[in-house]
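Before any comments, here is the structure.
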Amino acid sequence: MRIYVIIIFCFLFCGSLTAYSHNPEDFVIAEIERGQMNFENEEIAAEYGAALKRQRARRLAAMPLYKKFYIFIKAGFEHIIPQGLDHILFVLGLFFSCITFRSLLWQVTAFTVAHSITLVLAAQGLVQLRGDIVEIIIALSIVWIAIENCLYKEPSKWRYLVVFSFGLLHGLGFAALLTQYGLPKENFISLLLAFNIGVEFGQLAVLLIAFLLIKLILRKNWYSNQIKIPASIIIALVGLFWFVERIFQF
Amino acid sequence: MRKLIFISALLLIVACQQQSKMDPNINPFFQSWDTAYEVPPFMDIKDEHYMPAYEKGMEENLSEIDVIVNNSEAPTFSNTIEELERTGKLLGKVSRVFSNLASSNTNPQLQELQRELSPMLSAHYDKISLNEELFKRVEAIWQERDAIDLTSEQRKLLEDTRKQFVRSGALMSEEQKKQITEINSELSGLSTSFGQNLLAETNGFELILEKSDLDGLSEGIIAAASDAASQKMEKAETKEEEEKYNDKFVFTPHRSSMYPFLTESTRRDLREKLYNSYIMRGDNNNETDNKEIAAKIAKLRAERAEIMGYKSHAHFVLDNNMLKTPEEVYDLLTKLWKPAVKRAKIEIADMQAVANAEGQTFEVAAWDWWHYSEKVRKEKYNLDESAIKPYLSLDNVLKGVFSTTNKLWGLSFTEIFDIDLYHPDARVWKVTDKDGSHLGVFIGDYFTRSNKRGGAWMSSFKGQSNLDGRERPIIVNVCNFPAPVGDNPALLSFDNVVTLFHEFGHAMHGTLTDVTYGSMAGTSGPRDFIELPSQLLEHWASEPEVLKSFATHYETGEPIPDDLINKLLKASKFNQGFINTEYLAASLLDMDWHSISSEQARQLDANKFESESLKKYGLLDEIAPRYRTTYFAHIFSGGYSSGYYSYVHAAVLDSDAFEAFKEAGDVFDAELSSRLRETIYSKGSTEDAMDLFVNFRGRKAVIEPLLKVRGLDGSN
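Read top to bottom, the protein sequences are chains A and B. Take the first sequence: its letters are residues 255 to 504, numbered as in this note's numbering. Take the second sequence: its letters are residues -18 to 697, numbered as in this note's numbering.
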């Protein structure tokens, strides 16, 4: 009778709480017919990830284009600030290496053009490289740029080429993040563009903030050795740490 | 420059924005939810919030009851019955979230909590149902019922409330109450043992096979059996035990393992072995035998019913149902029995013909059924599931079920994307009525995952009530359809589609409800009635006109061809003789066990009782009841005693109700649709269920439409 009391009073005092049809409350019956539940944390996490991707796709599909565009700009921006710490360091590495604004502009442009190329190619599935390898070389590229800053007063002739090829690599890194995010088949190109614009905004914001900090607060030039060398050493050390860390995860 | 600083600061803020409305230091169940439509703030609810909320909820509930009991004014409907409706709000709030998530998004902690809570809750509700002072107030109002001015809904609420107290023993003497309490505690122990024994018996048997024993089995089945063996190996404690499973294949009496084996294996000896292990569970004369326990349970139930003034346990249970007496139930079951057995005999002949053609010399037996019926199915009902699935993408099926309710009742569904639920696969829609008013919220959680219980069900996160303002419900459907792979759309089988419509029928019952008192809302009716609104909606899923409107190819957009529809509908009649016979046999067995007096139940031999009972009805040797006594957990361990017949009773109702639309010549007939909503879907349990049906159909239900739907009318 206890069973009745429970059912009845659930109805009476809590409204219709009971679930119906193939009633999940009949645990004994369920366990006998289907066996015990098996909780595999890895499996649950994988299922959750796949569901999250489906949810993003559904939410995106329901949005008007301008909103999607805005979301992808935001996503691109967020992949620099605050998520893309290694890209921030790379861009800062470029920042501290340049005596003139013009040289900085060219380097950033080379970097941007390069990562846009690989981002598009990778997003369309035309280029593929293992994510963990890309991550390791990205860490290495940060170290490289920072050390070069310390060794040379001015960037070398090969600098633009080096920056360009590292840009190609960073693009693959962005693409890996973007596929996790799920790019809808419709509006593919325009949303890829939006994502890239977001990334550029992120980069510009980093440069802007660094510039403002140094120029207005420290009242120094960014290329002065008092700032350039210590900043580059810190960048190199962080990059080195990541490099080692990622090698061990490899 | 200042402008630049401002812009960069702004950019940073945009990048780092975060939001949270609730106070994270306070248990979310103790705060009011200012979320959209009062959807629970799932993101803020953590596992450790449940127990304190339950404890406080029970405490509050009891003090609310005290306030009602200690009211110095004379008992009235409004200061007692209506006030009772208002009690237990916090308990209801936490219970709804917990009981839903403990099934649909569970984890070991929640399952442990569930075991811990179950006795606490039943003790809590006992305190209320056995509160004598509270019953005195209810009884006082009941005695005056004809003198006071009550609406029919209020009258039904008064009647139901009193009845629950009476059925809990309120009218009995102290001596009788003591007896009942003793019986209840003994029964509760026996039910638990029954379930544990059955679990042990089901897990205890395994058929360990060599590579050479796998004749006929397909790759997937073999892989699963090999996985089962590896899992056993991993769990093995000794080297010897490990060796036992090395390179072997394991099958068990769990249905998911047994049915594929019985269907595919060409080894008749092994089929017999596995089948027998299944039907002998709890009947092996060992320490986990259930025969004596079942007989004891039946006897105690009969004793209890007699103390309470009923002729038998079945009389006691049915007193609350749509069919009110065992006679009515027997009448229904025996009427269906003959056509079912007749059809089953034809199916046996069909299978025998296949076996003979194979050159077999044996007579088809119970353990051959799955193997040979599959061969008959391929021959006669050849239906390729994979040809149908592309027409049944989840999104198209949802459009189909939404448009069905739109044509019936003018409802519209708008998906909401900015509400976070308990899992990203759960989706949420706003339901709007014909006149544009808000009707409720519908949550659909369709894909299977490893932290969801199996099966499919409907439940709610918020109930409907008009007592203190218009409260509209939040309804949820949970299913276990296969999740899509990669970026492909989710494609359903036709069985899945029927399940989706079924659960959606429950959801409509929970959404269209429009009653004053929450305890009578939606699906609160008796067990042999509540499957009517769900099973009824299934009929639209198989209606060619409806099917064609939503079953369009996910790539080409072409509607499903007529040829496929015909095959699909024909296949739904496959094996119905067997399905109905095994189900009816179990239902009759359930009724027999619970219609006996305590005198008759004394010293009963369960096997003898069962075989005599089945012989009386004339069950075929080739078919066992869906559940034999010793593994009939629904009735001896779950809450279905004298209630297993409910499914077919509701099927009689829904087939007959749909027949009304067929007679009208339009499955969306406007007058019938609105009458259906008016008389059944909106009414909850505010009227007697039989009256509800008669109000719709103009008469009681007849079985002929069901026989036709299931192909038991001799037409095929």
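Glycine is no exception: its CB is placed at the ideal position from the N, C-alpha and C atoms.
Is the CB of residue i under 7 Å away from at least one CB in chain A?
| i | result |
| --- | --- |
| B/D406 | yes |
| B/D477 | The residue you asked about is not Asp; residue 477 of chain B is Asn in the sequence shown. Not an interface residue. |
| B/L687 | no |
| B/F398 | yes |
| B/R430 | yes |
| B/G695 | no |
| B/P514 | no |
| B/P307 | no |
| B/P89 | yes |
| B/V683 | no |
| B/R678 | no |
| B/E40 | no |
Could you give the residue range of the alpha helix (DSSP H) that holds residue i?
| i | result |
| --- | --- |
| B/N88 | Segment: none, B/N88 is in no alpha helix (DSSP H) and carries neither H nor E. |
| B/N257 | 249 to 260 |
| A/A400 | 385 to 405 |
| B/S576 | 557 to 576 |
| B/L473 | Here B/L473 belongs to no alpha helix (DSSP H), and DSSP marks it neither H nor E. |
| B/V713 | Any property of residue 713 of chain B remains undetermined from this structure, which presents chain B solely from -18 to 697. |
| B/F58 | Note, B/F58: premise wrong, no alpha helix (DSSP H); not H, not E. |
| B/F677 | 670 to 678 |
| B/I46 | 31 to 50 |
Taking the alpha-carbon of residue i as reference, which of the options has the nearest alpha-carbon?
| i | options | result |
| --- | --- | --- |
| B/M24 | B/D399, B/E366, B/I161 | B/D399 |
| B/F230 | B/E652, B/L195, B/D264 | B/L195 |
| A/K439 | B/D127, B/D468, B/Y256, B/A205 | B/D468 |
| B/E120 | B/L138, B/H105, B/S133, B/S103 | B/L138 |
| B/P22 | B/H296, B/P33, B/F10, B/M32 | B/F10 |
| B/A587 | B/K272, B/E40, B/G69, B/S84 | B/K272 |
| B/N561 | B/Q177, B/A325, B/E114 | B/A325 |
| B/Q557 | B/T269, B/L688, B/F146 | B/L688 |
Just to confirm the assignment, what range does the beta strand (DSSP E) spanning residue i have?
| i | result |
| --- | --- |
| B/E396 | 393 to 397 |
| B/L420 | 419 to 428 |
| B/A407 | 407 to 413 |
| A/I468 | Looking at the DSSP string, A/I468 is not in any beta strand (DSSP E), and its letter there is neither H nor E. |
| B/S440 | 438 to 443 |
| B/L188 | 188 to 190 |
Shorter than 7 Å from the beta carbon of residue i to some beta carbon of chain B?
| i | result |
| --- | --- |
| A/S275 | Any reading at A/S275 is ruled out, since the residue's pLDDT is 34, under 50, leaving its predicted position unreliable. |
| A/E520 | Nothing about residue 520 of chain A can be reported from this structure: the residues present for chain A run from 255 to 504 only. |
| A/I489 | no |
| A/A448 | no |
| A/A299 | no |
| A/A377 | no |
| A/R500 | no |
| A/Q309 | yes |
| A/F293 | yes |
| A/P278 | Confidence is the limiting factor: at A/P278 the pLDDT is only 37, short of 50, which leaves the residue's position unreliable and the question unanswerable from this model. |
| A/L431 | no |
| A/A364 | no |
| A/A316 | yes |
| A/L358 | no |
Please say whether residue j and residue i have beta carbons closer to each other than 7 Å?
| i | j | result |
| --- | --- | --- |
| B/W351 | B/T244 | yes |
| B/R607 | B/A567 | yes |
| B/I46 | B/I122 | no |
| A/I326 | A/L445 | Correcting the residue identity first, residue 326 of chain A is Phe in this sequence and not Ile. Contact flag set, yes. |
| B/G391 | B/S505 | no |
| A/A368 | A/F418 | yes |
| B/V322 | B/M332 | no |
| B/L72 | B/N42 | yes |
| B/V496 | B/T667 | yes |
Quick one: does the C-beta of residue i sit closer than 6 Å to a heavy atom of the ligand ADP?
| i | result |
| --- | --- |
| B/L91 | Because no ligand of any kind appears in the structure shown, any question about the ligand ADP cannot be addressed here. |
Exercise. Any chance the region 509 to 524 of chain B sits against the region 623 to 634 of chain B, with 3 or more Cβ pairs inside 8 Å?
Worked result: yes
For this session: Tell me, please, whether the region 593 to 600 of chain B touches the region 548 to 561 of chain B by the rule of three or more beta-carbon pairs shorter than 8 Å.
Result: no
Problem set entry | Inter-stretch contact at 8 Å, needing at least 3 Cβ pairs: the region 362 to 376 of chain A / the region 413 to 430 of chain A | yes
Exercise. Quick check: the region 557 to 566 of chain B against the region 309 to 326 of chain B, are there 3 or more CB pairs under 8 Å?
Worked result: yes
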